[in-house]
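Reading through the structure tokens given below for one structure.
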Amino acid sequence: MSLRRFALLAICVALAACSKVNQKNYSQLKAGMPKAEVEQLLGSPTECSGAAGFSSCTWGDQKTFISVQYAGDKVLMFSGKGLK
Numbered sequence: 366m367s368l369r370r371f372a373l374l375a376i377c378v379a380l381a382a383c384s385k386v387n388q389k390n391y392s393q394l395k396a397g398m399p400k401a402e403v404e405q406l407l408g409s410p411t412e413c414s415g416a417a418g419f420s421s422c423t424w425g426d427q428k429t430f431i432s433v434q435y436a437g438d439k440v441l442m443f444s445g446k447g448l449k
């Protein structure tokens, strides 16, 4: 394996290990938590949508994700999949 490929692989592994989409962070989510506190914990969401005072934001991808639903700027519900 060339040095360049090894370095690229090492960077990818390091980035995956640093993901904020994990069981530890998921367990810190609480109903009523402000949106700003969730984003401080998980970082910027991958995508958000909403209407009429309700919104839903997701962090991660289709295999590993955390999804948070808000009423106003407070956590209403949350779920996760594939967390380690």
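Residue numbering for the sequence shown follows this note's numbering, beginning at 366 and increasing consecutively.
Every residue, glycine too, gets a C-beta built ideally from N, C-alpha and C.
All of these numbers come straight from a predicted model, not from anything done at the bench.
Query, Result
"Through-space distance from Val-433 to Ser-444, alpha-carbon basis", "7 Å"
"Distance, Ser-420 Cα to Tyr-435 Cα", "5 Å"
"Length of the line joining the Cα atoms of Thr-429 and Ser-367", "30 Å"
"Member of Gly-397, Lys-446, Lys-389, Gln-393 whose CA lies at the smallest distance from the CA of Thr-423", "Lys-446"
"Check whether Gly-408 and Lys-439 have beta carbons under 8 Å apart", "no"
"Same chain, Cβ closer than 6 Å to Lys-385, five either side skipped, listed in chain order", "Leu-407, Gly-408"
"Closest Cα partner of Glu-320 within the set Gly-418, Asn-387, Glu-402, Gln-427", "Residue 320 lies beyond the range of the chain shown here (366 to 449); nothing can be said about it."
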